[in-house]
Each structure stands twice: as structure tokens, then as C-alpha cells.
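Since the structure comes first, as C-alpha cells, the remarks are kept for the end.
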DNA sequence: TATGAATGAGCATTCATTCAT
DNA sequence: GATGAATGAATGCTCATTCAT
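Chains as they are written, first to last, in the numbering used here: chain A, 10 to 216; chain B, 10 to 216; chain C, 10 to 216; chain D, 10 to 216.
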């Protein structure tokens, strides 16, 4: 009779499992075959679940992908927060060029998580309003974070409009990392990353 | 003897007209509704021709969009060539910051041509291998052009690896311009463009 | 606990009904209009179900016809087995000519089941590899059966290579029966069947 | 002004050439891809001719195939007539078994001409009334010919109803040859042909 | 919640045929 | 006769979604 709230009953646990299987299947199929080539039927089949169950958990495949992406972003934010805490980039002694390099490196690492899925989502950012909105808010988040980071080095910065500067920096990093990780040109990657770091450093720091 | 080569005979002219109508309809629909929401039937209807005629001229809608884009790119290259010839950016007297500003401005203008179509193609660059390849080659072209432009100012440049520098610069410009023209944030656009120009200028030029 | 395995639950029963309706419609249309003139849409309409339902049950119309034919062949094999058991053709006292006559008669009866469908399948045996394969295996089956039948009369046979003899016999019977049942020349049918029986009898039996 | 009737003028000759090219293309495509997979457009393309030209010469692809087949049959009849004249099978001294063997051999040879085309036509004999009619008349022709051949050996024959006997014989030969040439089982072919010859010989000849 | 059969609009594509040049 | 662009009905098939069990 008494169901402990912290340990969900069998029915609830089963539902959670179904949901998890659908998410996993969605990640696999969206990555392998692309968003438009993936149908709810395929997802259900891959998850080993009935089509109806798919619609019990998600209104359509777009919602599934948004869900997947949100969880992905949450995990990334956690990773970033952890990295920042560990590295203590705020310490005023850190050299500017090193800080920039660390930021770039961080971005690179984030793209290692699931580059194929990322590629599909990037496509939707261009073609679907909901994903476009998501992309904007993620970018804004990144801008806030970098601004906070640079705040500690205020006196060594040579830019007046820090927000605009950070927007441009974030977009430049994102673009170069995409070029490397999504369009996959490993040749010249290191040289490009060096150039990127130099560019941003000279832009932001007085010296 | 009786067929002037410059004025194509009736059958050929009619074919060209149909082709033109299909291209126009394709541009309109791809821009308005997006690539995946546009079907060959819709295109034919909008062009005022039969479905069969669509397939007489193009193997499928992808080929139509590639054709459209290729013509678009050709027009852009022509425009750029013309601008370069007119402005004489090679003159060694031109100030570096001004040159960068001009390049950015040029890129901005190109995106005014048909931003909605551009947005759809950008999506496909992420999700379709053929468009990805096209994107790569266009970027390479832009890099070549900027390298040629900077060659005239060699002694005032502070970068060693000019190619990597130009790749990063091209990607940064493209990213910021996309943010403004495609995701449409006019607020702060000018500030961002200034920041972008400053960043590139400080990166490339000794002073 | 509560679902009797012998009486399928509602969903399953409904599916079986739909399947049955599709098969029936397929038989009717393939017979009336021929294989190539029959489309999945027509079949679905005739069966009173949606096109999608057709594809829930069969991958395409070829699979439907193969299914129909397999069930048909299974029924025929059952009939033949029954006839053989009833008639006791193995009894050594049976006269050779009578045995041959019985085999021919049996083949004739099989062709009464659905001659129009049989005609369509015969066409496909010539033009489609899958049906060709099926035709081969059915012929092989018939050869085995007749060989088994003749084994009991070994000492009265005048052929050495029984397998080759049976192959030729099976093909001859099939050909003549087709001439009568499929190309429908009732005039002279009896005379031809007599001739066929005599031919085979004189070929196989010493007397 | 005066056009020699035996040497057709340029226009007529060109028409004949077009027709010939279409026939050749038809033979190639019907053989390679099958009747239903071949379209008038494909035929015209293969012939290096406009679609319209196809319809100038034939009402549809069926008429083309009928034409092809008729010419084919005419050539075969000529071959057979020639063979008969050369071999003098009528000579009363010829042994019956040898005669039968020669007839079978002749049939085999005819099937070497274009087995793939023959296969396609055989399919149509089952599925199309016009081809069925053609098949019937060819068979009747073969029956007449064999009857004429056997007439010379009347006194050595043991059958009363010669027509029915010949019908059965023709069908048996055709069936076994199809098994070998069209369904291609070279293993056992010789044994089957021997059996076939023995069967017919024992059937028709007193000794 | 879970199931999976049913739905029918929609899609990409082909085809035989016409007809103005 | 020759041409080949135009036609639009038809084909095979997929899809997101519903709903009775």
C-alpha cells in the first residue's frame, strides 16, 4: 500500500525506462541518419517499443530532439562549471593568452561529445525557428560566461564595449571549431587554433 | 542556314522559359517554406507547368537548389570582382582598418541578396554532404581572395602563417554576418561589426 | 492468464482479417486484371482498407502474390497427398496406363482451382527471377513425387535414368495441361490427353 | 525527277534507317531489361532518335515487340525450311529415332538465337491475349510441319490420331527445351534430351 | 501507460502520348 | 518524317498520428 516516494513504483519505473530507451534510440538515429531521415516509427523500433509509446512520451520527433539537446546542454553546462571551478581562471596572475587558449580548448572538448548530433542540430538552427531560438539563448549564455571570466582582468583589457567584443569572440570560436570538428579538416587545425587564439588575445588584451 | 544561333528556335526558347520559371518558383518556395517543406509538385504548380516538366529539366529538387545556388554564387563572384576592381584596395596607401572594414562591408552586402535562401542553404551545408562540399569550396575561394588582397600589404602584416590567419578571419566574418543577417539581431549590429573589424585589424596589422 | 491462446485477442484478430481481405482482393485483381495492371492502391481499395494497411502487411505487391501462391501450393500439396493416400497407387497390381492416367487427371484437377491466377504466375515464372526459382522448386517437388510413385513399379519400368525420365514426363504433362486449361482449347482436349497418356506409358513401362 | 523504285530516295532511306535503329534498340532493351521495364523513351534514347520518331513508326511498344517477333519467326521459318530441304528427312530409309533426334536438335538450335528475348515473349504469351494468339498459331505451324514430316513414314507409325499426337509431341519438346534453354539447367540436359527423344520415338514409331 | 493496426494525405518519380516546329 | 518539350494521371511507397484494446 505504501509506496516510498523516493523509489518509484514499478509502473513509474517502467515509464522512465521506456522514455530512456526512446531518448537513446533518438540520439543514435538522429546522429546516424539525420533528423529528416528519422521517423517516429524507426525510433520506436530501435527502442524496442511500440509507436504509440513514442507519442505517450513526446508530442513529435522535434520535441524529442529538443529534449535530447536540452539534456545535452545541461550536461555541458555542468562540465564547464566544473572546469571553471577547478582551474581558477579568475586568478589575476593568469596570462591573457593562456586564458584564451583554455577557453578555446574547452569549446573544442565540448564538441567531442557527439559531433554528429551537433551537426544535425546546427542544421536545424538555420532552418527551424525553435532551434534558432535555442541557439540564440545558448550563445547568450556563453557570452555571459566569458564576460564574467574576463571581468577579473578588466584592467588589462583594451576593449570598451565588452559585451559586443564577447559576442564576436564567441561567434569566432564557434565558427572555427565547427570548421574543424564538424566539417572535419584536421589538417591545419592546430595552426588555425593558434591563429584564433592570437586574434582574440590581441583583440582583447592590452598586452 | 536559316537559324540565327543567337536567337534560339522556338522549341529551345520555350524550354529555356520553362526552366527559368522553375528556377524562379524554386527560389521563391525554398525561401518561403524551406527546402524540406518544398516538393517538386509545389514547384511545378508555382511555375505554372506540369510536374513532368520539372523532371524534364532537373533530376530532383536537390539538383534544382544546387543549380540555383551555383548561379547565385557566380553572380556574387562577379559582383566581388567588380568591387575589387573599382576600389583598388591594393593601393599601399590604404589604411589597414579601412581595408578590413571594406571586406566586412562587402560580405554584408552579399548577404542582402536573398537571405532566406541563404539560410536554407546554410542548413543544408550542415546536413547534406553535397552542400557541405560546396560550402568548403566557397570558403576556400574566399580565403584565396583575401590572401591575394593582403599580399599587397605584406610588410605591414604581423602574421607568419597567412593562410591559417585568413581562414580564421573568413570564418569569423561569416559567423558574425550570419548572426546579424540570418538570425537577425539588428540591435547591436554596428557595435559587433566594429568589434569584428577591430579584432581582425589588430590581429593582422602591425599598426 | 486470461488470454486463451487459441482465440487471438482483438488486435490480432483484426489484423488477420485485414490480411485476409488483402489476400482475397489480391487474388481477385491479379486474376482479373493481371499482375502488372494491378497496383497496391487498387488492391487496398478492393479490400476496403487504406493503402497504408497494405504496406503494414506486405512489403509490396510481389510479396503479396508470392504469399498467395505459397498458400495455394500448400493447399495443392495437401490435396495431392490426400489423393495418393486414398488411391493406393503403390499397389503392384495397378496397370501402368491407369497410373499414368491418374497422374494426368490429378494435374488437370489442380489447374481447375484458379486458372487465371495460375496463368499470371506462369508469366512471372518467365520474367521474374524469384518466381522462376519457385517454379523450379515446384517442378523438383513434382519430380520427387512421381519418382516415389514409380519406385513401386521398378521391375516393370523400361527406363534406366528414372530421374531424367520423370523430369521430362513432368514437363510434358505440365505443357499439355497448360495448353488445355490456360490457353483453353477444349476441342481435342480428350484426344490430346489420351495421346499424352499413351506417350508416357509407352515411354516408361515395359508393357 | 525520276526516282528508281529499287533505290529509295534519301527521305525514304532515312525513315528505314530510323525504323531499323528502333528495332535494334528494342531487341536490346527488351532482352536486357524485360518488356515491362522498357519504356518508349528508353528505346528512343538507345536508338539515338527522338521519342516522337518512335511513335511515327510504331503505335506503341507492344507493336514494336510484335514486329520484332514476327521478323524473328520469319527468319526461323526460313532456317527450318532450309534445314528440311538439306536433310531430306522424308527419305523412307531414315530411322525413326534419328528423325526425332533431328527435330529436337532443330528446336534447340532455334532457341539459341536470342534466348532472353524468347523468355520475355514467353511471359507475354501467358499474360497478353495478342501474344497468346501468336503463340497458338506458331504452335499450329509447328504441328503442321511435323505432321508433314511424319506423313512420309505413315506405315511405320503406331498412332491413329496423328494431329493430336503431334500436338502433344510439339508441346513436350517445347517444354523440355524451355527448361534447358530458358531456365538454364545445363546439368542433366543431355540425359533429358535423350529421354525426350526416346519417349517420342516409342510413342510414335512401331519400332 | 503500453500496444500496434489502421489511416489517407502526401511524396518523388515515371509513363505513354501529343503536337507545334 | 523528325524533333523533343510538355503533359498530368498514375505508381509505389512513407509518414505522422489516432485509438481501441
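Glycine is no exception: its CB is placed at the ideal position from the N, C-alpha and C atoms.
Proximity winner among the options, relative to residue i (alpha-carbon distances)
| i | options | result |
| --- | --- | --- |
| residue 65(C) | 75(C), 74(C), 53(C) | 53(C) |
| residue 176(A) | 170(B), 194(B), 160(B) | 194(B) |
| residue 169(C) | 208(D), 162(D), 172(D) | 208(D) |
| residue 136(D) | 164(D), 197(D), 71(D) | 71(D) |
| residue 83(C) | 150(C), 96(C), 112(C) | 150(C) |
| residue 96(A) | 81(A), 112(A), 39(A) | 112(A) |
| residue 171(C) | 203(D), 172(D), 92(D), 166(D) | 203(D) |
| residue 163(B) | 86(B), 117(B), 26(B), 216(B) | 216(B) |
| residue 58(B) | 85(B), 81(B), 91(B), 23(B) | 23(B) |
| residue 67(B) | 117(B), 45(B), 28(B), 93(B) | 28(B) |
| residue 37(D) | 85(D), 146(D), 56(D), 118(D) | 56(D) |
| residue 147(A) | 21(A), 80(A), 41(A) | 80(A) |
| residue 173(C) | 159(D), 188(D), 26(D) | 188(D) |
| residue 132(C) | 43(D), 69(D), 212(D), 158(D) | 43(D) |
| residue 114(A) | 192(A), 199(A), 103(A) | 199(A) |
| residue 124(D) | 41(D), 61(D), 20(D) | 41(D) |
| residue 152(D) | 138(D), 167(D), 116(D), 122(D) | 116(D) |
| residue 192(A) | 196(B), 201(B), 138(B) | 138(B) |
Coil, strand or helix - residue i by DSSP
| i | result |
| --- | --- |
| residue 214(B) | strand |
| residue 47(A) | coil |
| residue 183(D) | helix |
| residue 2(B) | No answer is possible for residue 2(B): it lies beyond the span of chain B, which begins at 10 and ends at 216. |
| residue 209(D) | helix |
| residue 57(D) | coil |
| residue 191(A) | coil |
| residue 18(C) | coil |
| residue 12(D) | Any reading at residue 12(D) must be qualified, since the residue scores a pLDDT of 48, below 50, and its modelled position is unreliable; the value itself is stated next. In the structure shown, residue 12(D) sits in coil (DSSP, three-state: anything other than H, G, I, E or B). |
Spatial neighbours of residue i in its chain, beta-carbon cut-off 6 Å, leaving aside the 5 residues before and after
| i | result |
| --- | --- |
| residue 134(B) | 140, 141, 144 |
| residue 105(C) | 210, 214 |
| residue 110(C) | 206 |
Cβ shell of residue i (< 8 Å), same chain only, five flanking positions each side left out
| i | result |
| --- | --- |
| residue 10(D) | Low confidence applies to residue 10(D): its pLDDT is 47, below 50, so where it sits in the model is not reliable enough to give any reading. |
| residue 155(C) | 112, 175, 178, 179 |
| residue 86(C) | 150 |
| residue 165(D) | 105, 214, 215, 216 |
| residue 45(D) | none |
Own chain, CB closer than 7 Å to residue i, minus 5 neighbours either side, in chain order
| i | result |
| --- | --- |
| residue 120(A) | 127, 186, 190 |
| residue 63(A) | 31, 49, 52, 53 |
| residue 130(D) | 78, 140 |
| residue 39(C) | 47, 74, 126, 129 |
| residue 90(C) | none |
Could you tell me which uninterrupted alpha helix (DSSP H) segments, each at least 4 residues in length, are contained entirely in the stretch 59 to 134 of chain B, listed from first to last along the chain? Every alpha helix (DSSP H) of 4 residues or more that sits fully in the stretch 59 to 134 of chain B is shown, in chain order, as 60 to 66, 70 to 96, 105 to 119.
Indicate whether the contact test is met: 3 or more Cβ pairs, each with one atom in the stretch 179 to 193 of chain D and one in the stretch 178 to 195 of chain C, closer than 8 Å. yes
Can you find at least 3 beta carbon pairs, one from the stretch 22 to 37 of chain C and one from the stretch 69 to 82 of chain C, that sit closer than 8 Å? yes
Taking the runs of the alpha helix (DSSP H) that are 4 residues or longer, which of them lie wholly in the stretch 130 to 178 of chain A? Secondary structure remark: continuous alpha helix (DSSP H) runs of at least 4 residues inside the stretch 130 to 178 of chain A, in chain order: 138 to 160.
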